[in-house]
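A.B. asks: Can you keep this structure in mind? I'll have questions shortly.
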Amino acid sequence: MLGFCLGLIKYVVLVRICFIDFREKIIKDRDLVILLVIGILLDIERNNFEKVYLGWCAFSMPLLILYIVEDYFKKELIGFGDVKLMIVIGGLLKYRDFRQVLFFYQNLYFLSAAIVVLVLVYWRMRGKRGEYVPFAPYIVLNYLLFEKFFM
């Protein structure tokens, strides 16, 4: 019963993150802390905290590198909220092996985000170059797809 309640809260918070990122263009730390605590509580019960810690590190590393590269190009590519969200999502997914991380990024994350962004740029934002495109909904969507079909 505890797992069901925590899972329900997790999905509500994920949807809330998507809507707030669309509206306010920010990911609130309060929501990330709630997800972090839910992930820790679920994994204390299952006693596999090591995989959670490795998930935090492995899944967030590509976005963290991208965030660092932003300084070199002097252009904002992603926000640090997206990196923090990916840290929390990595903990929820747990690290199994490197192929899992690679599959998440290669097949789900970047391909689906690229398709949706191209459609948005073509239809909605013609002539509005440099406009903010929220990235959190793609992270959440791919987490849900990965959790449902590949775990």
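The sequence shown begins at 10 in the numbering used here and counts up by one. Quick reminder that beta carbons are idealized off the backbone N, C-alpha and C, glycines included.
1) Confirm, please, whether the CB-CB distance from residue 71 to residue 104 is below 7 Å.
2) Could you tell me the distance, in whole angstroms, from the CA atom of residue 154 to the CA atom of residue 41?
3) How is residue 70 classed by DSSP in three states: helix, strand or coil?
4) Does DSSP put residue 142 in a helix, in a strand, or in coil?
5) Using CA coordinates, which residue listed in 101, 112, 12 and 142 is at the minimum distance from residue 62?
6) Does DSSP put residue 19 in a helix, a strand or coil?
C.D. replies: In short, the structure shows the following:
1) no
2) 20 Å
3) helix
4) coil
5) 101
6) helix
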